[in-house]
Amino acid sequence: MATKASRSSARLMISPAVILLLGWMIIPLGMTIYFSFLRYNLLQPGATPFAGWENYYWFFTDPSFSAAMLNTLVLVGGVLTITTVGGICFALLLDRPMFGQGIIRIMVIAPFFVMPTVSGLIWKNMFMNPVNGIFGQIAAGLGLQPIDFFGQIPMASVIFIVAWMWLPFATLILLTALQSLDQEQLEAAEMDGASWVNRFWFIMLPHMARAITVVILIQTIFLLSIFAEILVTTNGGPGVATTNLTYLIYVSSLLQFDVGIGSAGGVVAIILANIVAFFLMRMIGKNLDA
Amino acid sequence: MGRIQLKQVQKAFGDVEVIPPLDLEINDGEFVVFVGPSGCGKSTLLRLIAGLEDTTSGVIEIDGADATDLPPAKRGLAMVFQSYALYPHMSVRKNIAFPMRMAKMSQEEQDKRIDAAAKALNLTDYLDRRPGQLSGGQRQRVAIGRAIVREPAAFLFDEPLSNLDAALRVGMRMEISELHKKLETTMVYVTHDQVEAMTMADKIVVLQAGVIEQVGSPLELYRTPRNLFVAGFIGSPKMNFIQGEEAAKHGAQTIGIRPEHIDVSMSGGQWQGTVGVAEHLGSDTFIHIHGIPGCDPMTVRADGEVTVSYGDTVSLTPRSDQIHKFDANGLRMS
Ligand SMILES: Nc1ncnc2c1ncn2[C@@H]1O[C@H](COP(=O)(O)OP(=O)(O)OP(=O)(O)O)[C@@H](O)[C@H]1O
Ligand SMILES: [Mg+2]
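Protein sequence lines correspond, in order, to chains A and B. According to our numbering, the first sequence is numbered sequentially starting from 1. According to our numbering, the second sequence is numbered sequentially starting from 1.
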């Protein structure tokens, strides 16, 4: 397998793909960094003079910036918590033999196949609309004051929608992990006098640790760049209540036409993602090599 | 104490009756072996006793108390699984401690018992390792250790040695037998290996398709098998069965004669045949002989030094007092 010849030929054969991927990453990255140092506004065509750290200065001092940072972390943290805990619960339920298991499993997986824009719009108009939405109708039917989800609890609503979309992913991975658990281990624990809670805590959860790590890592990467759900539901508002970093970059570069500041925001987002990834890896990395 | 009684215990998976109603008594301190071909319901029976499967009908009593609906943990039995079922993310020490931890035993007592078990099982040097870093035999001993520390009323073993190599199996066989002598606790042991059954058991239960064919001490089963199945299953190499004219001479449908109860000579014996394959084990030679009416080939155990070659004609004489007679239903005629 790992002879010298096979290793070098493997390197040779894999290199076109690696070079292509690297280019795919390096060129946009390089251009983003380049633009972030230019005074480049689409409303003032022509000259794009070098601007030094000016764009970064404006991005950081933007009144929405700190809110966007915080919102990003709240959004990621909230969705991660809901999907991992919920995913574990669903996986435990789906692992039990029950009537119509196949269909139920497919139904649980289904939200993952709905496009973010579509699911955002469906939740906004069909469920969470205070007048026409089902929740509003139910509340009205019960004689309660309907909640204006995107007005009163905008962040919680966005978190809920995103969590709804990602729950299937977490469930699917955790279910697979749970199914790979040796039944004899559970039976042995049962004979050893472990209650269900103890079996969950001492046997199932450690067995799922690696899958949980994977779920958290992959989701974090995608959740840091949530955009469509916010665009179609709240437009980042009210105020900046649901503006995350991605959305702030969109606002700077495409609503205020300032490519320079937008690019600076992009670079900040990349750095933030790397910091988060670093800490996540450190925190749960030991699970991966155990 | 560990007296287990099965009364009319029956088990069906859906429509398939795996174990028809059976009665069985396991006395305190006994080493009972369930033996039978693959799929005959040995594991199922053991799991019924353990409480990992529910009985379809019938009663299981442990020490005289009805345990049929008791959950596994409450039955006071410990089980050693074929796959060992160790907890992979816990150290050996934690694995062994687990049942005591679940029972909320004091830390001192736990440590004392772990040390005692580790010493008895030669695991002292491995207590801080993970199961993944142990050899098969060591894992097996950890699994036994985990069972011992609970001081159960009875041990249940489900083919605990089948994943080990031949030499290790012999060693572990001795260790388990010694453990039984030392602890004097009831042990129920499942195997499909009749050598294990013969060497370890006080009492063997021979099963076929969920039915108990015979219960008895190893020598009882060897000397007086109740039917053709037990006769063929116990003993290695297998008993030779002869049908037809030769059997009719003894007034039976089938007669059986064990390979070790046939004398080989060059001439003058009762039956003549030609030598087929001869297996030389050093201590013994198993010769397969063709051309004997009603039984082909016939296996004979001869001395290790015997020199016969393929195609030789030899003469066989069964010891007349060692002939087993069976009737048309396959039952022993005494
Ligand atoms: N959960 C189950 N559902 C349906 N049938 C089962 C189930 N478990 C076992 N059986 C059937 O019950 C029969 C007895 O199985 P069991 O595992 O007790 O055999 P065994 O004697 O232990 O065999 P082996 O020596 O191969 O381990 C088999 O025919 C098997 O197919
Ligand atoms: Mg079995």
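The C-beta atom is built at its ideal place from N, Cα and C for all residues, glycine as well.
**Asked** Mapping DSSP to helix, strand and coil, what is Glu159/B?
**Response** The three-state secondary structure of Glu159/B, taken from DSSP, is coil.
Go to Gly102/A, then tell me how far its alpha helix (DSSP H) extends in each direction, as first and last residue.
Where Gly102/A is concerned, the enclosing alpha helix (DSSP H) stretches over 101 to 109.
- Message: Contact criterion: CB-CB distance below 8 Å. Does His324/B meet it with respect to chain A?
- Response: Answer no: the Cβ-Cβ gap between His324/B and chain A never drops below 8 Å.
ask   = Is there at least one Cβ from chain B nearer than 8 Å to Met98/A's Cβ?
value = Interface flag for Met98/A against chain B is unset, since no Cβ pair is found closer than 8 Å.
Checklist entry - Residue range of the alpha helix (DSSP H) that Asp115/B falls in? => result 107 to 120 is the extent of the alpha helix (DSSP H) around Asp115/B.
Per-residue burial, Ala290/A [other beta carbons within 10 Å of its own, 16 or more giving buried]:
Confidence in Ala290/A is poor, its pLDDT being 49 and thus under 50, which makes the residue's placement unreliable; the coordinate value appears in the next sentence. Its Cβ having fewer than 16 others within 10 Å, Ala290/A is exposed.
Quiz item: Got a sec, what are the start and stop residues for the beta strand (DSSP E) Glu341/B sits in?
Solution: Here chain B covers residues 1 to 334 and nothing more, so residue 341/B does not appear.
Q. Pro146/A and Ala156/A: beta carbons closer than 8 Å?
A. No, Cβ-Cβ distance for Pro146/A and Ala156/A is not below 8 Å.
Within 8 Å, strictly: CB atoms of Thr224/B and Phe326/B:
Contact: no.
query = Roughly how many angstroms separate the alpha carbons of Asp193/B and Val206/B, rounded to a whole number?
reply = The alpha-carbon atoms of Asp193/B and Val206/B are separated by roughly 11 Å.
Against chain B: residues of the segment 228 to 254 of chain A by CB proximity under 7 Å:
Against chain B - using a Cβ distance shorter than 7 Å - the segment 228 to 254 of chain A contributes no residues.
Using the Cα positions of Gly77/A and Val158/A, report the straight-line distance between them to the nearest angstrom. The alpha-carbon atoms of Gly77/A and Val158/A are separated by roughly 13 Å.
| message | Suppose only complete runs of 3+ residues qualify. What are the beta strand (DSSP E) ranges in the segment 265 to 292 of chain B, listed by chain order? | response | Every beta strand (DSSP E) of 3 residues or more that sits fully in the segment 265 to 292 of chain B is shown, in chain order, as 271 to 280, 284 to 290.
Collapsed DSSP secondary structure at Val214/A in the structure displayed: Reduced to three states, the DSSP call for Val214/A is helix.
Can the beta-carbon of Asp122/B be found less than 8 Å from the beta-carbon of Arg141/B? The sequence as given places Asn at residue 122/B; Asp does not occur at that position. Yes, the Cβ-Cβ distance between Asn122/B and Arg141/B is below 8 Å.
Note to self: With DSSP as the reference, identify every bridge partner of Gly266/A, one or two as the case may be.
What the structure shows: Answer by DSSP bridge pairing: none, since Gly266/A is not bridged.
Using the C-alpha atoms, what's the distance from Cys40/B back to Ala201/B?
-> Linking Ala201/B to Cys40/B through their CA atoms gives a straight-line distance of about 19 Å.
When DSSP labels each residue in this structure, what does Gly77/A get in the three-state scheme?
Here Gly77/A sits in helix by DSSP.
Point to revise | Cβ of Ile203/A within 8 Å of any chain B Cβ | key: Yes, Ile203/A counts as interfacial toward chain B.
Worksheet item: Of the residues that make up the segment 163 to 194 of chain A, which ones have a beta carbon closer than 8 Å to any beta carbon in chain B?
Response: Listed in chain order, the positions of the segment 163 to 194 of chain A with a beta carbon within less than 8 Å of a beta carbon of chain B are Asp182, Glu184, Gln185, Glu187, Ala188, Ala189, Glu190, Met191, Asp192, Gly193, Ala194.
Between Asp158/B and ligand 2, is there a pair consisting of the residue's CB and a ligand heavy atom that are separated by less than 7 Å? In this structure, ligand 2 has a non-hydrogen atom nearer than 7 Å to the beta-carbon of Asp158/B.
Check this for me: beta carbons of Leu175/A and Ala91/A, under 8 Å apart or not? Against a cut-off of 8 Å, the Cβ pair of Ala91/A and Leu175/A comes out as a contact.
- Three-way DSSP call (helix, strand, coil) for Tyr126/B in this model: Residue state for Tyr126/B is assigned as helix, using DSSP reduced to three classes.
Taking 7 Å as the cut-off, is the CB of Ser43/B close to at least one heavy atom of ligand 2? Indeed, a heavy atom of ligand 2 lies less than 7 Å from the Cβ.
Report task. Count the other C-beta atoms from every protein chain shown that fall within 10 angstroms of the C-beta of Pro71/B, then say buried if there are 16 or more, exposed otherwise. Result -> The residue is exposed, with fewer than 16 neighbouring Cβ atoms inside 10 Å.
inquiry  = Is Cys40/B a contact residue of ligand 1, with contact defined as CB to any heavy atom under 7 Å?
reply    = Yes; taking the cut-off as 7 Å, the Cβ of Cys40/B has a heavy atom of ligand 1 nearer than that.
Got a sec? Which residues, its chain only, sit under 8 Å from Ser91/B by beta carbon, not counting five neighbours each side?
Closer than 8 Å at the Cβ level, and outside the excluded window around Ser91/B, lie Leu127, Asp128, Arg129, Arg130.
| query | Is the shortest distance between the beta-carbon of Ala197/B and the beta-carbons of chain A less than 8 Å? | reply | For Ala197/B, the closest Cβ of chain A is not nearer than 8 Å.
* Asked: By Cβ distance below 8 Å, which residues in the same chain neighbour Pro88/B in space, the five residues on each side in sequence not counted?
  -> Its chain contains Arg130, Pro131, Gly132 as the residues whose beta carbon lies nearer than 8 Å to that of Pro88/B, once the 5 sequence neighbours on both sides are disregarded; these appear in chain order.
* **Beta-bridge pairing of Pro318/B - partner residues as DSSP gives them** => Per the DSSP secondary-structure output, Pro318/B pairs in a beta bridge with Ile262/B.
(Q) Measuring straight from C-alpha to C-alpha, what distance separates Ser106/B and Asn95/B? (A) Looking at the two C-alpha atoms, the distance is approximately 16 Å.
Item to complete: Check whether the Cβ of Gly36/B sits closer than 7 Å to any heavy atom of ligand 3, and report yes or no.
Response: Among the ligands present in this structure, namely ligand 1 and ligand 2, ligand 3 is not found.
Would Leu52/B count as contacting chain A if we go by Cβ distances under 8 Å?
So, interface residue.
Check: At a Cβ threshold of 8 Å, is Tyr189/B touching chain A?
Finding: At a cut-off of 8 Å between C-beta atoms, Tyr189/B does not count as an interface residue with respect to chain A.
Quick one: what does DSSP say Glu25/B is sitting in, helix, strand or coil? In the structure shown, Glu25/B sits in a strand (DSSP, three-state: E or B).
ask   = What's the gap between the Cα of Ile19/A and the Cα of Tyr34/A?
value = Using only the alpha carbons, I get a separation of about 21 Å.
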